[in-house]
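So the structure is just underneath, and the comments pick up after that.
2 protein chains.
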Amino acid sequence: MDIPSADGSATQRAYRKIRQMIVVGELRPGEKLKIDGLRERLETGASPIREALSLLTSDNLVERLDQRGFRTAKVSAENFAEILNLRCTLEDLALRESIARATQDWEEDIVLAHHRMVRSKDSEQETFEQYHKAFHIALLSNAESPILLKFCSQLYDLNIRYRFLAGSTLNYQRRDVSDEHSGILAAAVARDADTASEKLLNHYKTTGAFLSGLLGNGSLS
Amino acid sequence: MDIPSADGSATQRAYRKIRQMIVVGELRPGEKLKIDGLRERLETGASPIREALSLLTSDNLVERLDQRGFRTAKVSAENFAEILNLRCTLEDLALRESIARATQDWEEDIVLAHHRMVRSKDSEQETFEQYHKAFHIALLSNAESPILLKFCSQLYDLNIRYRFLAGSTLNYQRRDVSDEHSGILAAAVARDADTASEKLLNHYKTTGAFLSGLLGNGSLS
DNA sequence: TTGCGCAAAATAATCGATATTATTTGAAGA
DNA sequence: TCTTCAAATAATATCGATTATTTTGCGCAA
Numbered sequence: 001m002d003i004p005s006a007d008g009s010a011t012q013r014a015y016r017k018i019r020q021m022i023v024v025g026e027l028r029p030g031e032k033l034k035i036d037g038l039r040e041r042l043e044t045g046a047s048p049i050r051e052a053l054s055l056l057t058s059d060n061l062v063e064r065l066d067q068r069g070f071r072t073a074k075v076s077a078e079n080f081a082e083i084l085n086l087r088c089t090l091e092d093l094a095l096r097e098s099i100a101r102a103t104q105d106w107e108e109d110i111v112l113a114h115h116r117m118v119r120s121k122d123s124e125q126e127t128f129e130q131y132h133k134a135f136h137i138a139l140l141s142n143a144e145s146p147i148l149l150k151f152c153s154q155l156y157d158l159n160i161r162y163r164f165l166a167g168s169t170l171n172y173q174r175r176d177v178s179d180e181h182s183g184i185l186a187a188a189v190a191r192d193a194d195t196a197s198e199k200l201l202n203h204y205k206t207t208g209a210f211l212s213g214l215l216g217n218g219s220l221s
Numbered sequence: 001m002d003i004p005s006a007d008g009s010a011t012q013r014a015y016r017k018i019r020q021m022i023v024v025g026e027l028r029p030g031e032k033l034k035i036d037g038l039r040e041r042l043e044t045g046a047s048p049i050r051e052a053l054s055l056l057t058s059d060n061l062v063e064r065l066d067q068r069g070f071r072t073a074k075v076s077a078e079n080f081a082e083i084l085n086l087r088c089t090l091e092d093l094a095l096r097e098s099i100a101r102a103t104q105d106w107e108e109d110i111v112l113a114h115h116r117m118v119r120s121k122d123s124e125q126e127t128f129e130q131y132h133k134a135f136h137i138a139l140l141s142n143a144e145s146p147i148l149l150k151f152c153s154q155l156y157d158l159n160i161r162y163r164f165l166a167g168s169t170l171n172y173q174r175r176d177v178s179d180e181h182s183g184i185l186a187a188a189v190a191r192d193a194d195t196a197s198e199k200l201l202n203h204y205k206t207t208g209a210f211l212s213g214l215l216g217n218g219s220l221s
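Keeping their order, the protein sequence lines are chains A and B.
Note that my numbering gives residue 64 to position 64 of the first sequence, counting from 1, and the numbers run on in steps of one.
Note that my numbering gives residue 181 to position 181 of the second sequence, counting from 1, and the numbers run on in steps of one.
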């Protein structure tokens, strides 16, 4: 009995790994995803790879071509604009619902999530990103709407992919996003939905406008 | 060379077929989906089945259990309420955007889609349902927002599943839903977003309230 | 030179079988 | 009679190989 090096099934490992590779841009937009190539890189069989790619298809990170395999989703300014728009709408919705149902438990959850994010600011980028997402999801999770939360999570990943593609992650981490996060947290804890939502959407739109600018040029592939 | 009886790959056929079986309730909510059983019923190998189930997982129609296979998604009053809510929000958004971008082509598309639906009223249920969905999707499709449209399509299927489970499809087809559809179409053609949206949401809420009532009892499994 | 068609190679999709993992069954002991 | 443990069973997950499809590359003719 040999330990398979990580927890979960081969499919789940492949899913997480390929997803990560796409999100951070290690696999470029529109790149052909050859089963055999991935099979080698991830040291597994063809079945887990195919299953993982099928899952990613539904996350809008991979496209399936009739009988010609898979490729990563293409990027475009239109696509980015759509993601940004939808995020703003759906997260506004979820955040307001979360706040409307606020409980002490949830309050503690978001405070904790925020703290972890702040503490990891100087850690590896991957760690920070993980906590950053966790914080944003925690804000929304009290809406008690699993489907909506899933949509938001998907959109988050689609969005973050653009950030990685623009290569501006370091800037982003340094830009005074801390204040923005703190402000959102404070408003949420105070159960002030209007302020929280306004700050959250501003947070997105600021980053979004920045990326939109970059997309006008040629950061695609 | 033998023709594979239907177009598309084995995976796609399996996907469509299993999806259909879940939506119409042939596979009950929470039912265990045994690979071998499906493999026999669909006369194909295990790989296409697994891939199809992976795709359905992301449509929220199938749940994957750690290392214990798949089952159909469970149903509940809460789940239904969430679907209804989200549908109303997202379709309102999409419809308004569609109307805002109205063109003559789109106008003709929806008139045509409506006509086909009306004409198929006395056809087989499956045919009618197909055109019914096509009409609703056509209304939203001019929003030029593929992701949003996909969300709406998913929610449509999740919702229709409840209608089938309640066994009220025949009632529904007869109830004077025709007037509601005509009204929505007319308002959309007139580019009156407020009226169109109001009628659309009313359409959903009426059906929704009816189903919610049934769910209070025991139409689950 | 360019376009066409056919053959060869590459790749994807599928299958059948094996290994792995959960679940059930049944017997022994308390 | 109930609990516990282990073997048997059943089902899943995975692999390796086969089949079907698409793409590539070459030769030939216009």
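Think of the CB as a built atom: it goes at the ideal place given N, C-alpha and C, for glycine as much as any other residue.
Secondary structure of leucine 200 of chain B, DSSP reduced to three states: Your numbering for residue 200 of chain B matches position 200 in the second sequence. The answer is helix: DSSP assigns leucine 200 of chain B an H, G or I state.
So which residues of chain B does glutamine 67 of chain A contact, with C-beta pairs closer than 8 Å? Here the question's residue 67 of chain A lines up with position 67 in the first sequence. Going along chain B in sequence order, the residues near glutamine 67 of chain A (Cβ under 8 Å) are Ser9.
Asparagine 142 of chain B to isoleucine 99 of chain B span [Cα, whole Å]: As a first step, residue 142 of chain B must be located in the second sequence, where it is residue number 142. As a first step, residue 99 of chain B must be located in the second sequence, where it is residue number 99. Going from the Cα of asparagine 142 of chain B to the Cα of isoleucine 99 of chain B covers about 7 Å.
I'd like to confirm the pairing. Which residues does DSSP put opposite glutamate 63 of chain B in its beta bridges? The sequence position of residue 63 of chain B within the second sequence is 63, counting from 1. Note: glutamate 63 of chain B sits in a beta bridge opposite B:Arg71.
Is the beta carbon of leucine 148 of chain B less than 8 Å from the beta carbon of leucine 158 of chain A? Here residue 148 of chain B refers to the residue found at position 148 of the second sequence. Here residue 158 of chain A refers to the residue found at position 158 of the first sequence. No.
I'd like to know whether the C-beta atoms of arginine 68 of chain B and threonine 57 of chain B end up nearer to each other than 8 Å. If you number the second sequence from 1, residue 68 of chain B lands on position 68. If you number the second sequence from 1, residue 57 of chain B lands on position 57. Cβ atoms of arginine 68 of chain B and threonine 57 of chain B: not closer than 8 Å.
What separation, rounded to the nearest whole angstrom, lies between the Cα atoms of lysine 133 of chain B and glutamate 31 of chain B? By 1-based counting over the second sequence, the position of residue 133 of chain B is 133. By 1-based counting over the second sequence, the position of residue 31 of chain B is 31. Roughly 26 Å separates the two Cα atoms.
Cβ shell of isoleucine 49 of chain B (< 6 Å), same chain only, five flanking positions each side left out: Reading the second sequence from its first residue, position 49 is the one you call residue 49 of chain B. Ala14, Ile35, Leu38 and Arg39, listed in sequence order.
For chain A, is any of its Cβ atoms less than 8 Å away from the one on threonine 89 of chain B? Position 89 of the second sequence holds residue 89 of chain B. Taking Cβ atoms only, chain A reaches closer than 8 Å to threonine 89 of chain B, which makes this a yes.
Arginine 50 of chain A: contacting residues in chain B (beta-carbon distance under 8 Å): Counting from 1 along the first sequence, the entry for residue 50 of chain A is found at position 50. Simply Ser47 and Glu51.
What number of angstroms, rounded off, separates the C-alpha of leucine 95 of chain A from the C-alpha of proline 29 of chain B? Counted from its first residue, the first sequence places residue 95 of chain A at position 95. Counted from its first residue, the second sequence places residue 29 of chain B at position 29. In a straight line, the C-alpha of leucine 95 of chain A is about 30 Å away from that of proline 29 of chain B.
Under a CB-based cut-off of 8 Å, is lysine 205 of chain B close to chain A? Looking up residue 205 of chain B in the second sequence gives position 205. Interface residue (Cβ-Cβ distance to chain A less than 8 Å): lysine 205 of chain B is not classified as such.
Within the continuous alpha helix (DSSP H) that includes valine 24 of chain A, where are the two ends? Here residue 24 of chain A refers to the residue found at position 24 when the first sequence is read from its first residue. No alpha helix (DSSP H) contains valine 24 of chain A, which DSSP labels as neither H nor E.
Given a threshold of 16 other Cβ atoms within 10 Å of its Cβ, counted over all protein chains shown, does arginine 161 of chain A qualify as buried or as exposed? Along the first sequence, one-based indexing puts residue 161 of chain A at 161. Buried, by the Cβ-count rule.
Going residue by residue through the region 89-128 of chain B, where are the continuous alpha helix (DSSP H) segments of at least 4 residues, counting only ones entirely within it? 104-119
Per DSSP, the bridge partner or partners of lysine 32 of chain A: Counting from 1 along the first sequence, the entry for residue 32 of chain A is found at position 32. For lysine 32 of chain A, which the question treats as bridged, DSSP gives the partners A:Arg71.
Residue interval of the alpha helix (DSSP H) (run including serine 178 of chain B): Within the second sequence, the letter at position 178 stands for residue 178 of chain B. Serine 178 of chain B -> alpha helix (DSSP H) spans 177-189.
Please tell me whether glutamine 154 of chain B and aspartate 66 of chain B are closer than 8 Å, where the distance is taken between their beta carbons. Taking the first residue of the second sequence as 1, we reach residue 154 of chain B at position 154. Taking the first residue of the second sequence as 1, we reach residue 66 of chain B at position 66. Not closer than 8 Å, so no.
May I ask which residues mark the beginning and end of the alpha helix (DSSP H) holding alanine 46 of chain A? Against the first sequence, residue 46 of chain A aligns to sequence position 46. Note, alanine 46 of chain A: alpha helix (DSSP H), 46-58.
How would you call serine 54 of chain A, buried or exposed, if buried means at least 16 neighbouring beta carbons within 10 angstroms? Looking up residue 54 of chain A in the first sequence gives position 54. Buried, since its Cβ has 16 or more Cβ neighbours within 10 Å.
Applying the criterion that 16 or more other CB atoms from any shown protein chain within 10 Å of the CB defines a buried residue, is glycine 167 of chain B buried or exposed? Taking the first residue of the second sequence as position 1, residue 167 of chain B is located at position 167. That one is exposed.
Rounded to the nearest angstrom, what separates leucine 90 of chain B and histidine 203 of chain B at their Cα positions? Position 90 of the second sequence holds residue 90 of chain B. Position 203 of the second sequence holds residue 203 of chain B. Computed Cα separation, rounded: 15 Å.
Nearest to glycine 25 of chain A by CA position, among A:Ala186, A:Thr72 and A:Glu43, is which residue? One-based indexing of the first sequence puts residue 25 of chain A at position 25. The shortest Cα separation from glycine 25 of chain A among A:Ala186, A:Thr72 and A:Glu43 belongs to A:Thr72.
Tell me the rounded alpha-carbon separation between serine 182 of chain B and phenylalanine 135 of chain A. Here the question's residue 182 of chain B lines up with position 182 in the second sequence. Here the question's residue 135 of chain A lines up with position 135 in the first sequence. Rounded to whole angstroms, serine 182 of chain B to phenylalanine 135 of chain A spans 46 Å at the Cα level.
Extent of the continuous alpha helix (DSSP H) to which serine 153 of chain B belongs: Here residue 153 of chain B refers to the residue found at position 153 of the second sequence. Where serine 153 of chain B is concerned, the enclosing alpha helix (DSSP H) stretches over 146-165.
Could you name the residues of chain B that serine 145 of chain A contacts, counting a contact when the two beta carbons are closer than 8 Å? Within the first sequence, numbered from 1, the residue matching residue 145 of chain A stands at position 145. Within 8 Å Cβ-Cβ: Glu82, Asn85 and Leu86.
How would you call threonine 103 of chain A, buried or exposed, if buried means at least 16 neighbouring beta carbons within 10 angstroms? Here the question's residue 103 of chain A lines up with position 103 in the first sequence. Threonine 103 of chain A is exposed by the Cβ-count criterion.
Residues of its chain near phenylalanine 80 of chain A, where Cβ-Cβ distance is below 7 Å and the 5 sequence neighbours each way are ignored: In the first sequence, residue 80 of chain A corresponds to position 80, counting from 1. Scanning its chain for C-beta atoms nearer than 7 Å, with the 5 sequence neighbours on each side dropped, one finds around phenylalanine 80 of chain A the residues Tyr162, Leu211, Ser212 and Leu215, in chain order.
Whole-angstrom distance between leucine 61 of chain A and asparagine 52 of chain A, CA atom to CA atom: Within the first sequence, the letter at position 52 stands for residue 52 of chain A. Within the first sequence, the letter at position 61 stands for residue 61 of chain A. In the sequence as presented, asparagine is not what sits at residue 52 of chain A; that position holds alanine. Each residue's alpha carbon lies about 11 Å from the other.
Return the Cβ separation of alanine 196 of chain B and alanine 209 of chain B in integer angstroms, given the expectation that the two are a contact with Cβ distance under 8 Å. Taking the first residue of the second sequence as position 1, residue 196 of chain B is located at position 196. Taking the first residue of the second sequence as position 1, residue 209 of chain B is located at position 209. Rounded, the Cβ-Cβ distance is 21 Å, inconsistent with contact.
Leaving aside the five residues before and after arginine 191 of chain B along the sequence, list all residues of the same chain whose C-beta is less than 8 Å from its C-beta, in chain order. In the second sequence, the residue the question calls residue 191 of chain B occupies position 191. Answer for arginine 191 of chain B: Ile99 and Ala102, listed in chain order.
How close, in whole Å, do the beta carbons of leucine 201 of chain B and aspartate 92 of chain B come, if the pair is a contact with beta carbons under 8 Å? Here residue 201 of chain B is taken as the residue at index 201 of the second sequence, counted from 1. Here residue 92 of chain B is taken as the residue at index 92 of the second sequence, counted from 1. Their Cβ separation, rounded to whole angstroms, is 6 Å, which keeps leucine 201 of chain B and aspartate 92 of chain B in contact under 8 Å.
For threonine 11 of chain A, is the classification buried or exposed, using 16 other Cβ atoms within 10 angstroms of its Cβ as the cut-off for buried? Taking the first residue of the first sequence as position 1, residue 11 of chain A is located at position 11. In the assembly as shown, threonine 11 of chain A is a buried residue. Its beta-carbon has 16 or more other beta-carbons within 10 Å.
Could you tell me whether the Cβ of phenylalanine 128 of chain B comes closer than 8 Å to any Cβ of chain A? For this step, residue 128 of chain B is matched to residue 128 along the second sequence. Not one chain A Cβ lies under 8 Å of phenylalanine 128 of chain B.
Does any C-beta atom of chain B lie closer than 8 Å to the C-beta of phenylalanine 151 of chain A? Stepping through the first sequence from its first residue, residue 151 of chain A is reached at position 151. Judged by the 8 Å Cβ criterion, phenylalanine 151 of chain A is in contact with chain B.
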